[in-house]
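Peer 1: Numbering (my numbering), first residue to last: 676 to 894.
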Amino acid sequence: MTIERKNLRSQVREELIARMRAGEVRPGESINEVQLAAELGVSRTPLREALIALESEGQIESENGKGFRFVPLSAREFEELCPIIVNLEGLALDLTPVDELRQLGLRLAQLAAEFNDNVAEHALVNRRDDEWHNLMLSACPNKRLLEQIAGVRLAIHRYESLLVPDEVMVERSAIEHADIARHLIAGDVSAAKRALKANWTNGMRRLLADAGISWERLA
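1. Between the C-alpha atoms of GLN823 and GLU752, what's the straight-line distance to the nearest angstrom?
2. Return the CA-CA distance between ASP769 and GLU806, expressed in angstroms with no decimal places.
3. Please list the terminal residues of the continuous alpha helix (DSSP H) segment that includes VAL773.
4. In the DSSP assignment, find the unbroken beta strand (DSSP E) run with GLU846 in it and report its ends.
5. DSSP on ARG869, reduced to helix/strand/coil?
6. With distances taken from CA atoms, which of ALA767, VAL845 and GLU714 is nearest ARG803?
7. Using three-state DSSP, classify SER731 as helix, strand or coil.
8. Give me, in chain order, the residues of the same chain whose beta-carbon lies closer than 6 Å to that of ILE850; leave out the 5 immediate sequence neighbours on both sides.
9. DSSP beta-bridge partners for SER737?
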């Protein structure tokens, strides 16, 4: 695609993220900045700004003076993202007023019930899961924390898109989401955080199992 000349750095970043999530680039592949700038119809400056931003998010890495490359992937690194997202989302719950969590819990329970298929296409499960977690965190007042969570979730989605194609039918975690919502409605944040950890851990285990990869360690 050709990038419109408006907010170029953000547009270039979003395009590269979309390509990574779609599996259009290979993990460990070097980035040819001249070729990529020409392909996107932008100058090297906004491209490099976008690449630096993606490097700070852990999406790409520098190659010892040779430019940038897409981060190589491993099942173990994917596992290591689990405790990070669990603790960041748990902190967001801690920072959210309990009364607001109770109200969100009611909406989360309803949202989980509305999507009642036990198995669905991976792309649909991903989209619904993002909607659910975004709603759960929507009353957190710490915007910087939410940005960090979004960055980690992008890394997780990148792994997911490479491990399991969008059209593959995967198991959903409706019961786990309902459990989190139930604890939020009761105002029991500690129990909700334990259920949240179980949800993320089990979800990653299921994804690795779908890809034929065994879970190496507990998160």
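Beta carbons: idealized from backbone N, C-alpha and C, even for Gly.
Peer 2: Straight from the coordinates:
1. Taking the straight line from one Cα to the other gives about 17 Å.
2. 20 Å
3. Where VAL773 is concerned, the enclosing alpha helix (DSSP H) starts and stops at 773–789.
4. 844–846
5. helix
6. Minimum Cα distance to ARG803 is reached at VAL845.
7. helix
8. Here ILE850 has no same chain residue with a Cβ atom under 6 Å from its own Cβ, once five neighbours each way along the sequence are excluded.
9. PHE743
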